[in-house]
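Note sheet for the following structure.
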Amino acid sequence: MSPTESTARQVRDAIARREASAAEVTEACLAAVDRLDPQVHAFLSVDHAGARRRAAEIDRRLAAGEPAGLLAGLPVAIKDNLCTADGQATTCASRILEGWRAPYNAHVVDRLLAEGAVIVGKTNLDEFAMGSSTENSAYGTTRNPWALDRVPGGSSGGSAAAVAARMVPAALGSDTGGSIRQPAALCGVVGVKPTYGRVSRYGLVAFASSLDQIGPIARTVGDAALLLQATAGHDARDSTCVSQADQPLPDYLAALEEPVEGLRIGVPRQFFAEGLDPEVEAAVREALAVYERLGAKLTDVDLPHATDYAIATYYIVATSEASSNLARYDGVHYGHRSRDHADMIDMYMRSRAEGFGDEVKRRVMLGTYALSAGYYDAYYKKALQVRRLIRRDFEEAFRKVDCLMGPTSPTPAFRIGERAADPLAMYLSDIYTVSCNLAAIAGLSVPCGFTGAGLPVGLQILTDVFTEDRLLRIARMYEREVDWVSRAPALVAGGGGGAA
Amino acid sequence: MALSREEVLKAGTLSRIRLSEEDVARFASQLSDVLGYVDKLRELDTRGVEPLAHALPIHNVLRPDEPREGLTPEQALAGAPESAGDCFRVPRVIDDGTSA
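Chains V and Z are the protein sequences, given in the same order.
With the numbering used here, you'll find the first sequence wraps up at 500, consecutive numbering, no jumps.
With the numbering used here, you'll find the second sequence wraps up at 1100, consecutive numbering, no jumps.
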């Protein structure tokens, strides 16, 4: 077992069997971070001392025969829009929260800690989770471990890169329009967006409250299932979180190896239309062929509103919700306050102008505009009506099939700077992922190959609400037949990180 | 859907974000592009379609009206840019006729 090569479950099992100590596993991950992160910049903060203290405590508990949790000793990384009250800052990759210390842990952080995980550090993201490349971070962009001149995707680019570069076996990200799945695809790892309401958002800095979800990023489906198990479930502090009575939390690991008999896969026409890179399409179609060989039945389906209309809907709904959620950053209670201001309003205007990056400003202004008097019906209300049409598309599809499959991202990782000047081109990176958030259904990305240039490709699988157990089993069916997970970025072995 | 300079400035004011002239010019064209794109929703007939704010049926979630632990004043003020005693210190809010 090697903490930087084995899966999260293998690492966890080795610690549980006392074959390796939590201390040495944590030390190995910290060494990997120290060695590789200067090139990748996945982390905004690394807590060497805290991680060592936690690992020592886990070892003490294990030695004393005390219960140490489902994840005892497992090093994890946490996206920096999740509150951690451990002395590390929670910045959301924004200047407006530079150095801000959260006074409480996010629920999912509490859950990881209760299950014995060791938090190694906080990872980079697009500012306030707004972006698809991690280039919108106020603290520098993260590089794709497979090609250092390319983006890791976003907004959870730091978490995806940290896992892909084998710095940590697992990480948490958040997904509002694709921000777990897309970076997972671009970095060749597994990323799961649970059904809205499956995981508590308490302590996740809000971007779009009806869309945000927290989910795992790991190298295998089983590892993602493990992390989902540890973090999902009811939390009274998030009133949008589903109750145990309404949706009991299943055991995601119990039946993971059981294939879904008579699997019906829907292949949406709209996910294979113009704009899809031919190499991505080829890899995804090969994955579909694997499913066919396993006995699954493929059917073409129609999701008329799931791509262009979904992007339009998303960039009204998400920005509107963001304009409301980000109103709290006003320099009053916490965060950056501008130095010179004439009065209260001026203080707000300068603090926010100084603290927010361009993309955040754009989205807040878009949302404000869409909600403003005279435009509310034409934009916001219209978008919510189309949202219902999108939801109906999925309801219709899931009457006929068990899941939907297609590419997660229309292209492999693009070059840093390539789309930064064109916000709209950047938004279209999410064309296959946003409808899932709008409809609240579950989705994941699983690695399904590489382009000729060595860039990862992800297969997206979508299932109906609260069917994560089936979603994971479906993904596992494919993963069992292939071995993308053994391939590591050249960077990890000490080679170069450039792509052809 | 091209945004005028005035509309961008208004959006900035409503968003409480101070914009430089350079910002206004840059954002005007970028925001116009996005608004132009989202205009495609007009192609869809949504007459009679009920807006969907939350894709899952969520109703008012209540708890008993009993006090619970919250942040201490120290915790609440820990990130304050300026504080005085147990209060956040801010520029004058109430106009008593003497402010600018």
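We put the beta carbon where it would ideally sit given N, CA and C, even for glycine.
Keep in mind that this is a model prediction, so the values were computed, not measured.
Using only the alpha-carbon positions, how far apart do residue i and residue j sit?
| i | j | result |
| --- | --- | --- |
| A429(V) | P268(V) | Here residue 429(V) turns out to be Ser, not Ala, going by the sequence shown. When rounded, the distance between both Cα atoms is 17 Å. |
| S243(V) | F466(V) | 12 Å |
| I461(V) | N124(V) | 26 Å |
| D201(V) | E418(V) | Here the sequence assigns Arg to residue 201(V), which means Asp is not the residue at that position. Approximately 33 Å, taken between the alpha carbons. |
| A448(V) | W484(V) | What sits at residue 448(V) in the sequence shown is Cys, not Ala. Each residue's alpha carbon lies about 7 Å from the other. |
| V40(V) | V192(V) | 22 Å |
| F450(V) | A1084(Z) | 58 Å |
| R53(V) | D13(V) | 20 Å |
| G1012(Z) | E354(V) | 13 Å |
| S132(V) | A64(V) | 46 Å |
| V109(V) | A160(V) | 18 Å |
| K381(V) | V317(V) | 9 Å |
| T368(V) | L1014(Z) | 7 Å |
| A245(V) | R285(V) | 39 Å |
| L424(V) | V1034(Z) | 6 Å |
| Y309(V) | Q10(V) | 43 Å |
| I431(V) | V482(V) | 27 Å |
| S179(V) | L62(V) | 36 Å |
| G215(V) | A493(V) | 28 Å |
| K1010(Z) | S155(V) | 29 Å |
Is DSSP giving residue i helix, strand or coil here?
| i | result |
| --- | --- |
| G222(V) | helix |
| I15(V) | helix |
| I416(V) | coil |
| I119(V) | strand |
| P268(V) | strand |
| G262(V) | coil |
| P304(V) | coil |
| M1(V) | coil |
| M130(V) | coil |
| A20(V) | coil |
| V1038(Z) | helix |
| W484(V) | helix |
| D110(V) | helix |
| P183(V) | helix |
| E57(V) | helix |
| H341(V) | coil |
| A493(V) | helix |
| V242(V) | coil |
For residue i, list the residues DSSP reports as bridge partners.
| i | result |
| --- | --- |
| S1083(Z) | F1088(Z) |
| M405(V) | I461(V) |
| L204(V) | L82(V) |
| Q213(V) | D175(V) |
| L444(V) | V192(V) and I461(V) |
| L298(V) | I265(V) |
| G449(V) | V457(V) |
| F43(V) | T123(V) |
| R150(V) | R415(V) |
| N144(V) | A147(V) |
| A77(V) | G121(V) and A171(V) |
What does the Cβ neighbour count give for residue i, buried or exposed, with the cut at 16 atoms within 10 Å?
| i | result |
| --- | --- |
| C1087(Z) | exposed |
| H234(V) | buried |
| E257(V) | exposed |
| H1059(Z) | exposed |
| T134(V) | buried |
| V1061(Z) | exposed |
| D377(V) | exposed |
| E1050(Z) | exposed |
| I1094(Z) | exposed |
| G497(V) | A caution first: G497(V) carries a pLDDT of 44, below 50, which makes its placement in the model unreliable, though a value can still be read off. Classification of G497(V): buried, given that the 10 Å Cβ count is 16 or more. |
| K361(V) | buried |
| T1072(Z) | exposed |
| P489(V) | buried |
| P1064(Z) | exposed |
| A236(V) | exposed |
Ignore the nearest five residues each way along the sequence and tell me which others in residue i's own chain have a CB closer than 6 Å to its CB.
| i | result |
| --- | --- |
| S21(V) | D59 |
| G266(V) | T299, V301, A397, V401 and L404 |
| A162(V) | A42, A77, T123, V168 and A171 |
| Y379(V) | I316 and A370 |
| V527(V) | The shown model of chain V, from 1 to 500, leaves out residue 527(V), and the question about it has no answer. |
| P75(V) | T26, C29, V118, V120 and V168 |
Keeping to the same chain, check which residues put their C-beta closer than 8 Å to that of residue i; ignore five residues upstream and five downstream.
| i | result |
| --- | --- |
| T90(V) | D80, N81, L82, C83, T84, L97, W100, R101, A102, K122 and V205 |
| I474(V) | V260, L263, D402, C403, I461 and T463 |
| A499(V) | For A499(V), the predicted model reports a pLDDT of 42, less than 50, meaning its position is unreliable and no value from the coordinates is stated. |
For residue i, is the beta carbon positioned less than 7 Å from some heavy atom of the ligand FMN?
| i | result |
| --- | --- |
| V1024(Z) | Here there are no bound small molecules, and the ligand FMN is not part of this structure. |
Might you give, ordered along the chain, the residues of its own chain that have their beta carbon closer than 7 Å to the beta carbon of residue i, omitting 5 neighbours on each side?
| i | result |
| --- | --- |
| A255(V) | D469 and R473 |
| D212(V) | S174, T176, R201, L204 and A206 |
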